[in-house]
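Q: Attaching a single structure in structure tokens format; questions to follow.
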Amino acid sequence: MIATVDPLYAHGVTLAVLLIVLIKVVVAFAVLLNAVIVMIWFERKAISDMQSRIGPQRWGPFGLLQTMADGLKLMLKEDLIPAEADRFVFKLAPFLALIPGFITFAIVPVGGTLTIAGHPVLLQVANPPMGILLMLAMSGISVYGVMLAGWSSGSKYPLLSSVRASAQMISYEASLGLAVVMVVLVTGSLSTHDIVTAQANGVWHWNVIRLGVIPFVIFLISITAELNRPPFDVVEAESELVGGFHTEYSSFRFAIFYLAEFMNTITMSAIMVTLFFGGPAGWVPNVSHLRWVFPILWFFVKTVVFAFSYVWFRAALPRFRYDQLMDLGWKKLIPLSLGWLIVVAGFLIAPAWGFAMGAVVLLAWTMLTRAFEIGTTRERGAEAVLPVIGARPLPPEVLREITDEGNV
Amino acid sequence: MIATAYSLGAVAVFVTSAILIIVGALGVIVVKNPVHAAMSLIMTLFGVAVAFVAQSADFLAAVQIIVYAGAIVVLFLFVIMFLGVDRREGVRVEPLVGQRPLAATGVGIVVIGLVALMARSHWVTGAMSVSTKGAPLATGSGNVSQLGTAVFTTYLYAFEATAALLVIAVVGAIVLARREHSLDEESA
């Protein structure tokens, strides 16, 4: 929507405006990087607590500086490039994983609107008209980081991992996109600023409640799969794939992958808050100054809750098997999100349409369940095929001996 | 005639996107390694997206990245990875005899056609103005609603036909991929 572009540029781009934008970019960059450092420490510490361990404790108070020490150590390590690697792509891939996280964070509204030197400043780096679509585009791009890293390593396990990863990420992008579409549908705008302002008037206006909780759940599951975080981390399943797509990476390039993973986790928590939990919306006390601080605090608190939920997932849930993961994505989440989308669209026109669509979706759901049932209980194997031929090529006891049944 | 209308910023954006598009497109056909070629293709797609943004077609730009760069080229890469990139194709032997002169003729015809179009109208697409009805993208009610209205009113039949075609393609792909081996094949 063209009407919602940044009010900062309304009176032309002057030096002051340029400076403000520059400051916003630098601040966002610095905040995100520091957040990653704290997030890594937080994850390690929280998981240690859940597993009755102490966790990092040597560097700084409560081990806060452990991440810095690890980062420094990684940078001082030898940077290896395998002989079989495609050197250019091998060097490029970590950045393809990192940059989408940064760019996505640019559209997250962190607070309300400030007035600096007479200029209205939105507390988000950019408010592009394509809005939340930028996040979908960037999550599409981040597939390349994983995929090319695995391929360019010139090694078997990373390649397997990257093929898994790209299949997984593409599959879950569909349900992710549909969940975003529902939010866009009730807001009537793509811009993240509009999405947040539409939820500003109290908890009942938050999209998580307005849309029914289902879209949020779909989004949460899809985004966890998109991030390759546990329980969907088949990409780096140690028991199957050594270290996953970054097995061959070392030193600084490995650090970048590590950074990218945690940065994406934070960014996606922030996106979730923006889409479903009103972003910076919340109770603001009636004080004369510093009113603008409270939205930022609310945003921070909400984001931390989701960041913690990711850590919790990691500590509590066992890893999905690959086929279970694909089943969940294609057979459950995508039909569910499509159905819910139709119901939401119906209710936006009139309640009667909403209920009608609900009935249609229920009917479709039962048919789909029946179809899956037929598909999974279909007779397979020798028993289904052999009667058709009429005669068995081998006597049953020989057959049984050479197949698994004989060994049991 | 044309040069007066553009500001320095617009020209800079256009030149950047044009360089991205052309370098990427040349990369696709020049580079030997198929994965590098696919990456050049992504570069071209990004250039096109920048060009879309410059024309206020933000939605198209986003869709360009999401669909083409985010899904289709990923599928290309998928296929390349599965087939094995190390297998270089021998270009010495022509699989189709006489395809090169035919291709050259085709390129010649297209170039002549484009030049003729450029000479006759302002836009290379041949359209005399960008917006068909209603306001142009930059001032109208927004990308999404304009596109939605166009797709679900003016171009409804084309839209539905495309949808049907895609469904048929998906069903066909699944039928082909999941074909169970017939009994004759197994006994033979």
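Protein sequence lines, in the order shown, are assigned to chains U and G.
Using the working numbering, you'd call the opening residue of the first sequence number 1015 and step up by one each time.
Using the working numbering, you'd call the opening residue of the second sequence number -6 and step up by one each time.
Virtual Cβ for every residue (Gly too), placed ideally from N, Cα, C.
1. Excluding the 5 residues flanking U/Ile1130 on each side, which residues of the same chain have their C-beta closer than 7 Å to its C-beta?
2. The beta strand (DSSP E) that contains U/Leu1128, what's its start and end?
3. Using DSSP's beta-bridge definition, name the partner residues of U/His1133.
4. Does the Cβ-Cβ distance between U/Gly1293 and U/Pro1123 come in under 8 Å?
5. With H, G and I counted as helix, E and B as strand and the rest as coil, what does DSSP make of G/Lys25?
6. Which residue from G/Ser0, G/Val21, G/Asp51, G/Val41 puts its Cα closest to that of G/Asn136?
7. Applying a beta-carbon distance threshold of less than 9 Å, which residues of chain U neighbour G/Phe145?
8. When burial is assigned at 16 or more other CB atoms within 10 Å of the CB, is U/Gly1004 buried or exposed?
9. Between U/Glu1262, U/Leu1112, U/Leu1355, which has its C-alpha nearest U/Val1195's C-alpha?
10. Applying the 10 Å Cβ sphere with the 16-neighbour rule, what's the burial state of U/Val1040?
11. Specify, as a first and last residue, the run of the alpha helix (DSSP H) that G/Ala97 falls within.
12. What are the residues in the segment 1133 to 1145 of chain U lying within 9 Å of chain G by C-beta distance?
13. Any residues in the segment 1338 to 1349 of chain U with a beta carbon nearer than 9 Å to a beta carbon of chain G? Which ones, in chain order?
14. Just to confirm before moving on: does the CB-CB distance between U/Val1198 and U/Leu1204 stay below 8 Å?
15. Using 8 Å as the cut-off, can you tell me whether the segment 1265 to 1278 of chain U makes contact with the segment 1049 to 1062 of chain U, which would need three or more C-beta pairs spanning the two stretches below that distance?
16. Between the segment 88 to 106 of chain G and chain U, which residues of the former have a C-beta closer than 7 Å to a C-beta of the latter?
17. Is the Cβ-Cβ distance between U/Pro1142 and U/Ile1121 less than 8 Å?
18. Could you pull out every residue in the same chain whose Cβ sits closer than 7 Å to the Cβ of U/Pro1332, ignoring the five residues on either side in sequence?
19. Could you please tell me which residues of the segment 1153 to 1164 of chain U, in chain order, have their CB closer than 8 Å to any CB of chain G?
20. Using a Cβ-Cβ cut-off of 7 Å (strictly less than) and excluding sequence neighbours within five positions of U/Val1139, which residues of its own chain qualify?
21. How many Å lie between U/Phe1361 and U/Gly1368 at the Cα?
22. According to DSSP, is U/Gly1074 part of a helix, a strand, or is it coil?
23. Distance cutoff 8 Å, beta carbons only. Does U/Val1358 sit that close to anything in chain G?
24. Does the pairing of the segment 10 to 25 of chain G with the segment 36 to 52 of chain G give three or more beta-carbon distances under 8 Å?
25. Go to U/Asn1048, then tell me how far its alpha helix (DSSP H) extends in each direction, as first and last residue.
26. Can you check whether the CB of U/Ile1061 is closer than 8 Å to the CB of U/Arg1243?
27. By DSSP, does U/Pro1114 sit in helix, in strand, or in coil?
28. Please report the distance separating the alpha-carbon of U/Ile1285 from that of U/Ala1295.
29. With H, G and I counted as helix, E and B as strand and the rest as coil, what does DSSP make of U/Arg1414?
30. Residues of chain G with CB closer than 7 Å to the CB of U/Val1200, please, in chain order.
31. Can you name, in chain order, every residue of its own chain whose Cβ lies under 7 Å from the Cβ of U/Pro1134, other than the five neighbours on each side?
32. Since I believe U/Ala1107 is in contact with U/Ser1166 (beta carbons under 8 Å), could you give me their beta-carbon distance rounded to a whole number of angstroms?
33. Count the CB pairs spanning the segment 60 to 72 of chain G and the segment 1149 to 1161 of chain U that are closer than 8 Å, and state whether there are at least three.
34. Return the residues of the segment 46 to 57 of chain G that lie within a Cβ-Cβ distance of less than 9 Å from chain U, sorted by chain order.
35. With distances taken between CB atoms, is the gap from U/Glu1250 to U/Ser1175 smaller than 8 Å?
A: Based on what the coordinates show:
1. Here the set comprises Ile1034.
2. Following the DSSP letters along the chain, one finds U/Leu1128 inside the beta strand (DSSP E) bounded by residues 1127 to 1130.
3. In DSSP, U/His1133 forms a bridge with U/Ile1130.
4. Taking 8 Å as the Cβ cut-off, U/Gly1293 and U/Pro1123 qualify as a contacting pair.
5. When DSSP states are grouped into helix, strand and coil, G/Lys25 belongs to the coil group.
6. Taking only the C-alpha atoms, the option nearest G/Asn136 is G/Asp51.
7. Simply none; closest approach about 13 Å.
8. It is not possible to answer for residue 1004 of chain U, since the shown part of chain U is limited to 1015 through 1422.
9. The shortest CA-to-CA distance from U/Val1195 to any of U/Glu1262, U/Leu1112, U/Leu1355 is the one to U/Leu1355.
10. It counts as exposed.
11. That run of the alpha helix (DSSP H) goes 92 to 113.
12. For the segment 1133 to 1145 of chain U, which is checked against every Cβ of chain G, the residues closer than 9 Å are Pro1142, Pro1143, Met1144, Gly1145.
13. Cβ contacts with chain G come from no residue of the segment 1338 to 1349 of chain U.
14. Cβ atoms of U/Val1198 and U/Leu1204: closer than 8 Å.
15. Result yes; three or more Cβ-Cβ pairs closer than 8 Å.
16. Going along the segment 88 to 106 of chain G in chain order, one finds no residue with a Cβ nearer than 7 Å to chain U.
17. A contact, by the Cβ cut-off of 8 Å.
18. Excluding positions up to five away in sequence, the list reads Pro1245.
19. The residues in question are Ser1153, Gly1154, Ile1155, Val1157, Tyr1158, Met1161, Leu1162.
20. Result list for U/Val1139: Lys1038, Val1039, Ala1042, Ala1120, in chain order.
21. Those two C-alpha atoms are separated by around 4 Å.
22. Collapsing the DSSP output to three states places U/Gly1074 in coil.
23. With 8 Å as the cut-off, U/Val1358 does not count as an interface residue toward chain G.
24. The segment 10 to 25 of chain G vs the segment 36 to 52 of chain G: in contact.
25. It spans 1029 to 1064 - the alpha helix (DSSP H) in which U/Asn1048 sits, taken as one unbroken run.
26. In this structure, U/Ile1061 does not lie closer than 8 Å to U/Arg1243 by Cβ.
27. U/Pro1114 sits in a helix when the DSSP states are folded into three classes.
28. Computed Cα separation, rounded: 14 Å.
29. Helix.
30. Close to U/Val1200, with beta-carbon spacing below 7 Å, lies no residue of chain G; the smallest spacing is near 14 Å.
31. For U/Pro1134, where only same-chain residues beyond five positions count, the Cβ hits under 7 Å are Pro1021, Leu1022, Thr1127.
32. At roughly 6 Å, the Cβ-Cβ gap stays under 8 Å, so U/Ser1166 and U/Ala1107 are in contact.
33. At 8 Å Cβ cutoff, the stretches touch.
34. Here the close residues are Val46, Ser49, Asp51, Phe52, Ala54, Ala55, Val56, Gln57.
35. In this structure, U/Glu1250 sits near U/Ser1175, with a CB-CB distance shorter than 8 Å.
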